[in-house]
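Peer 1: Numbering (my numbering), first residue to last: -4 to 280.
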């Protein structure tokens, strides 16, 4: 079961929502057939050229899946999907140009007139984004179409939960695991054939050092350094850069397609140094 919890009642609702979204480790992952099938079905159902699974990040709408859209994200500002995520309700805009809130939004300026979005909501009520359909002509939505799009959005959430239920996230580090890395590499090969991507594999420590640490610190030693390393890697790598926990103390890192090898290695060194500092702090406490 997907467990996304509100850690503190004092946390602002938007920060809690963002934390829930980032726990999923979906942002900036490759396109996936399991999501694309649902998106294509939504576009066919409405007879529209554009459909997307949109996740509402802090300042962008990022598309996990998309039909009829070339770019992978748009600004969050004035994006209808943000309204869906914030309200966790169905949103229909028959004509963007006639709606004061969206008449000058980026979608309207690109010639989009119609929008309908069903919420992607976790079991704890966090709005992650929307399954949306868009068109170049104004139109209305029937109750049957709203129900169908809502069902498809529920299928998207079921797919998200399934990925976690079958062990795609390591329980110690909270990072995507080896199974997810292999699936992501397969998706990249299918969606961007011939594209060169750099993959780095790093081991936190040699086996002798780990054995010595366990003999002194106890059996939880490895879990502690892995958790500290994962926290440091998240902070050091920054958005859009994915770390995978592929073995007990091994991590894999996939570079962004436009990033030069030297720049990627330099950023990776910074992230690893941050992870080491955090690990040393944890062991001294």
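We put the CB at the ideal spot given by N, CA and C, even for glycine.
Using a Cβ-Cβ cut-off of 6 Å (strictly less than) and excluding sequence neighbours within five positions of residue 130, which residues of its own chain qualify?
Peer 2: 43 and 109
Peer 1: Using beta-carbon positions only, say whether residue 30 and residue 60 come within less than 7 Å of one another.
Peer 2: yes
Peer 1: Return the chain-ordered list of same chain residues with a C-beta closer than 7 Å to the C-beta of residue 158, the five sequence neighbours on each side being excluded.
Peer 2: none
Peer 1: Are at least three pairs of beta-carbons, each pair with one atom in the stretch 252 to 265 and one in the stretch 206 to 224, less than 8 Å apart?
Peer 2: In short, these stretches do not touch, since the Cβ pair count stays below three.
Peer 1: Given a cut-off of 7 Å on the beta-carbon distance, is the pair residue 248 and residue 263 in contact?
Peer 2: yes
Peer 1: Rounded to whole angstroms, what's the CA-CA distance from residue 56 to residue 66? Just pull it up for me.
Peer 2: Roughly 11 Å separates the two Cα atoms.
Peer 1: Can you give me the C-alpha to C-alpha distance between residue 101 and residue 68, rounded to a whole angstrom?
Peer 2: 12 Å
Peer 1: For residue 186, which residues from the same chain have a beta carbon less than 8 Å from its beta carbon, with the 5 sequence-adjacent residues on both sides left out?
Peer 2: 25 and 26
Peer 1: Strictly under 7 Å for the Cβ-Cβ distance: is residue 187 near chain C by that measure?
Peer 2: The structure shown has no chain C; it contains just one protein chain.
Peer 1: Going by DSSP in three states, residue 218 sits in which element: helix, strand or coil?
Peer 2: helix
Peer 1: Are three or more beta carbon pairs between the stretch 203 to 210 and the stretch 134 to 142 nearer than 8 Å?
Peer 2: no
Peer 1: Let me check understanding here. Comparing Cα to Cα, which of 78, 119, 175 and 34 lies closest to residue 128?
Peer 2: 34
Peer 1: Identify whether residue 122 lies in helix, strand or coil by the three-state DSSP scheme.
Peer 2: strand
Peer 1: Where are the beta strand (DSSP E) runs, 3 residues long or more, that stay fully inside the stretch 125 to 207, in chain order?
Peer 2: 194 to 198
Peer 1: Excluding the 5 residues flanking residue 168 on each side, which residues of the same chain have their C-beta closer than 6 Å to its C-beta?
Peer 2: 221, 225 and 240
Peer 1: Cα separation between residue 40 and residue 64?
Peer 2: 17 Å
Peer 1: Are the beta-carbon atoms of residue 89 and residue 135 separated by less than 7 Å?
Peer 2: yes
Peer 1: Report the three-state DSSP secondary structure of residue 40 (helix, strand or coil).
Peer 2: helix
Peer 1: Can you check whether the CB of residue 125 is closer than 7 Å to the CB of residue 133?
Peer 2: no
Peer 1: Put residue 74 into one of helix, strand or coil per three-state DSSP.
Peer 2: coil
Peer 1: By how many angstroms is the C-alpha of residue 231 removed from the C-alpha of residue 8?
Peer 2: Taking the straight line joining both Cα atoms gives about 25 Å.
Peer 1: Where residue 80 and residue 272 are concerned, what is the direct C-alpha to C-alpha distance, given to the nearest angstrom?
Peer 2: 36 Å
Peer 1: By Cβ distance below 8 Å, which residues in the same chain neighbour residue 122 in space, the five residues on each side in sequence not counted?
Peer 2: Spatial neighbours of residue 122 in its own chain (CB-CB distance under 8 Å, excluding positions within 5 residues in sequence) are listed in chain order as 12, 51, 79, 80, 81, 82, 83, 114, 115 and 116.
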